[in-house]
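Number of protein chains: 2
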Amino acid sequence: MSKTDRHIAMPVIRRLPRYYRCLCNMEQNGIEKISSRALAEAMNITASQVRQDLNCFGGFGQQGYGYIVSMLRGEIAKLLGMDSKKKTVLYGVGNLGRAIIYHFDFEKFGFELCGLFDTNPELVGTELGGLIISDDEELEKFTEDHTVDAAILCIPTTSAEEVVEKLYAAGVRCFLNFNHFDIKSRYPDCVVENVHLSESLMTLGYLMTDKSNSAEE
Amino acid sequence: MSKTDRHIAMPVIRRLPRYYRCLCNMEQNGIEKISSRALAEAMNITASQVRQDLNCFGGFGQQGYGYIVSMLRGEIAKLLGMDSKKKTVLYGVGNLGRAIIYHFDFEKFGFELCGLFDTNPELVGTELGGLIISDDEELEKFTEDHTVDAAILCIPTTSAEEVVEKLYAAGVRCFLNFNHFDIKSRYPDCVVENVHLSESLMTLGYLMTDKSNSAEE
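The listed protein sequences derive, respectively, from chains A and B. Each residue of the first sequence is one higher than the one before, counting from 1 in my numbering. Each residue of the second sequence is one higher than the one before, counting from 218 in my numbering.
So this is what it looks like as structure tokens:
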């Protein structure tokens with residue numbers, strides 16, 4: 001399975017982590033081979049959607065045979081860049097930042113958390129998850145010493161513009177962004193994954209008033 | 218705009234909070250009327266997609282005229298159930314739980330946070346955001362006194378099964394779930410919005426290795 005040149009729709013890309021998780025579960029349960037129908041059932045989508053999704057990446061599996069779980073899991077891991085080690089800094093060591101530092105399995109997902117930044121003088125200089133929290137002002141020096149591939153922004157929208165400007169100037173082009181500042185409209189050459197947590201509550205609000213729909217599709 | 222009987226695809230529903238946010242920004246900037254093309258540009262989707270999306274809810278706007286921003290914002294707010302007051306409890310007052318308690322605008326989104334639960338004896342009895350954190354064991358009594366419409370689960374996957382069982386027994390059927398326990402496969406009559414935070418990091422991993430794609434679609 002290799003990446004093709006054509007544009008792949010974001011909903012397909014967003015399903016890749018779910019495929020990965022499903023396949024990991026199956027592997028743990030000793031399942032070696034799986035049909036697109038069984039994979040579809042575990043994913044709560046249709047079998048034709050599974051085949052279509054995987055065809056986006058050059059196809060996989062064999063007609064009437066299905067997929068070898070470990071192989072498909074490995075190929076999806078590669079697509080997700082899990083075989084690399086992307087140096088990553090995290091900005092904003094508040095509650096959300098801490099939740100991420102403690103719960104994300106950075107190494108497994110192909111990232112290496114190498115720097116923490118905050119403006120709160122009570123936090124700067126303290127240690128968290130094996131890293132010392134640096135002051136915002138130390139970023140320039142930090143990026144001289146380290147090549148930073150990505151930044152995770154756990155800061156409020158109000159300070160995002162300034163922080164992104166600094167990070168961009170320091171050469172960072174990839175962001176996992178938890179606030180509402182629109183990085184891509186300011187810096188179109190950046191790779192940005194936005195997470196708007198409150199939208200999940202709003203979506204639940206919709207589903208609770210229209211129970212004919214079900215989530216996770 | 219009213220809800221129709223037909224099933225609405227989750228990607229459409231998931232765009233509603235983004236429409237809402239876009240329209241709020243426009244309203245704040247004094248924009249009173251907007252074409253589907255301009256709305257599409259702000260949303261980073263096509264104009265035909267905007268028209269298709271809004272048609273799912275019975276259509277809106279006028280051919281060649283566009284949408285009245287405040288009216289469309291109000292209609293989408295209604296679709297998202299923002300005009301209601303859904304009594305909500307939060308389980309797990311760790312870093313993620315605190316991030317949510319402090320940053321979600323519950324009332325604005327049609328929710329009322331009325332109870333916090335944790336098993337950590339150091340947290341139980343302390344106050345947070347105007348609420349006293351209760352012990353897990355107090356849930357039954359709590360649900361006798363309050364009608365709980367929804368629960369936000371900021372607990373690890375390992376304790377989710379037990380907590381969901383208790384909440385289900387207490388009559389709770391709607392969940393915002395941050396762990397990997399599959400509530401819907403155990404309790405198909407529940408309304409569940411799953412948020413798998415780490416999947417956002419995996420998606421960024423994909424985008425960083427395939428920069429021809431851009432996020433937020």
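Note that CB positions come from ideal geometry on N, CA and C, so glycine has one too.
Quick check: what's the CA-CA separation for residue i versus residue j?
{"i": "B/R390", "j": "A/D149", "result": "42 Å"}
{"i": "B/E244", "j": "B/I285", "result": "10 Å"}
{"i": "A/F111", "j": "A/D145", "result": "18 Å"}
{"i": "A/E161", "j": "A/F181", "result": "7 Å"}
{"i": "A/L232", "j": "B/K358", "result": "No answer is possible for residue 232 of chain A: it lies beyond the span of chain A, which begins at 1 and ends at 217."}
{"i": "B/K302", "j": "A/T143", "result": "47 Å"}
{"i": "A/L128", "j": "A/I100", "result": "12 Å"}
{"i": "B/A387", "j": "B/E324", "result": "23 Å"}
{"i": "A/S2", "j": "A/F57", "result": "Per-residue confidence for A/S2 stands at a pLDDT of 45, beneath the threshold of 50, marking its modelled position as unreliable; the derived number appears in the next sentence. Spanning the two alpha carbons is a distance of roughly 6 Å."}
{"i": "B/G247", "j": "B/S287", "result": "10 Å"}
{"i": "A/R21", "j": "A/R73", "result": "9 Å"}
{"i": "B/M227", "j": "A/T126", "result": "43 Å"}
{"i": "A/N25", "j": "B/V380", "result": "22 Å"}
{"i": "B/A257", "j": "B/K250", "result": "14 Å"}
{"i": "B/D352", "j": "B/P373", "result": "17 Å"}
{"i": "A/N55", "j": "A/H7", "result": "13 Å"}
{"i": "A/D83", "j": "A/T147", "result": "18 Å"}
{"i": "A/A77", "j": "B/Q279", "result": "47 Å"}
{"i": "B/V412", "j": "B/A368", "result": "13 Å"}
{"i": "B/Y236", "j": "B/R315", "result": "27 Å"}
{"i": "A/G115", "j": "A/I133", "result": "7 Å"}
{"i": "B/D322", "j": "B/K304", "result": "14 Å"}
Indicate the three-state DSSP secondary structure (helix, strand or coil) for residue i in the structure shown.
{"i": "A/F181", "result": "coil"}
{"i": "A/F142", "result": "helix"}
{"i": "B/E378", "result": "helix"}
{"i": "A/V12", "result": "helix"}
{"i": "B/A294", "result": "helix"}
{"i": "B/S253", "result": "helix"}
{"i": "A/G205", "result": "helix"}
{"i": "A/D149", "result": "coil"}
{"i": "B/N272", "result": "helix"}
{"i": "A/G64", "result": "coil"}
{"i": "B/S351", "result": "strand"}
{"i": "B/V389", "result": "coil"}
{"i": "A/K85", "result": "coil"}
{"i": "B/C331", "result": "strand"}
{"i": "B/L340", "result": "coil"}
{"i": "B/E258", "result": "helix"}
{"i": "A/E216", "result": "Note that A/E216 scores a pLDDT of 46, beneath 50, so its modelled location is shaky; the value from the coordinates is reported in the next line. Three-state DSSP puts A/E216 in coil, outside helix and strand."}
{"i": "B/N312", "result": "helix"}
{"i": "A/E193", "result": "strand"}
Look at residue i and residue j and say whether their C-beta atoms are less than 9 Å apart.
{"i": "B/F326", "j": "B/L356", "result": "no"}
{"i": "B/A255", "j": "B/G283", "result": "yes"}
{"i": "A/F175", "j": "A/C190", "result": "yes"}
{"i": "A/L197", "j": "B/H320", "result": "yes"}
{"i": "A/I13", "j": "B/L348", "result": "no"}
{"i": "A/E193", "j": "B/L418", "result": "yes"}
{"i": "A/N95", "j": "B/L313", "result": "yes"}
{"i": "A/Y91", "j": "A/L23", "result": "no"}
{"i": "B/L296", "j": "A/T209", "result": "yes"}
{"i": "A/V93", "j": "A/L113", "result": "no"}
{"i": "A/R205", "j": "B/G298", "result": "The sequence given here places Gly at residue 205 of chain A; Arg does not occur at that position. For A/G205 and B/G298, yes; Cβs fall inside 9 Å."}
Tell me whether residue i is buried or exposed, calling it buried when 16 or more other Cβ atoms sit within 10 Å of its Cβ.
{"i": "B/D270", "result": "buried"}
{"i": "B/G281", "result": "exposed"}
{"i": "B/G276", "result": "exposed"}
{"i": "B/T221", "result": "Note that B/T221 scores 46 on pLDDT, short of 50, meaning its location in the model is unreliable and no value can be drawn from it."}
{"i": "B/R403", "result": "exposed"}
{"i": "A/A215", "result": "Because the pLDDT of A/A215 is 46, which lies under 50, any placement of that residue in the model is unreliable, and the question is left without a value."}
{"i": "B/T420", "result": "buried"}
{"i": "B/S440", "result": "Outside the displayed range of chain B (218 to 434) lies residue 440 of chain B, so it cannot be described from this structure."}
{"i": "A/S48", "result": "exposed"}
{"i": "A/E199", "result": "buried"}
Does any heavy atom of the ligand SAH sit closer than 8 Å to the C-beta of residue i?
{"i": "A/K87", "result": "The ligand SAH is not among the ligands present in this structure, which contains no ligands whatsoever."}
Task: Short-range partners of chain A found in the stretch 285-308 of chain B, where Cβ spacing is below 8 Å - done: Going along the stretch 285-308 of chain B in chain order, one finds L296, L297, G298, M299, S301, K303 with a Cβ nearer than 8 Å to chain A.
Open item on the list: Residues of the stretch 130-144 of chain A in Cβ contact with chain B at a cutoff of 8 Å, in chain order, please.
Closed with: From the stretch 130-144 of chain A, no residue has a Cβ closer than 8 Å to chain B.
Open item on the list: What are the residues in the stretch 409-430 of chain B lying within 8 Å of chain A by C-beta distance?
Closed with: V409, E410, N411, V412, H413, L414, S415, E416, S417, L418, M419, T420, L421, G422, Y423, L424, M425, T426, D427, K428, S429, N430
- [ ] Can you give me, in chain order, the residues of the stretch 100-128 of chain A that have a beta carbon less than 8 Å from any beta carbon in chain D?
- [x] This model lacks chain D altogether; the protein chains it does include are A and B.
Open item on the list: Along the stretch 226-244 of chain B, where does the CB come closer than 8 Å to a CB of chain A? Name the residues.
Closed with: A226, M227, P228, I230, R231, L233, P234, R235, Y237, R238
Open item on the list: So if I threshold CB-CB distances at 7 Å, which residues from the stretch 247-279 of chain B count as touching chain A?
Closed with: Of all residues in the stretch 247-279 of chain B, none has a Cβ within less than 7 Å of some Cβ in chain A.
TODO: Taking a Cβ distance cut-off of 9 Å, strictly less, list which residues of the stretch 147-166 of chain A are near chain B, in chain order.
DONE: Of all residues in the stretch 147-166 of chain A, the ones placed with a Cβ closer than 9 Å to any Cβ belonging to chain B are D149, A150, I152, C154, P156, in chain order.
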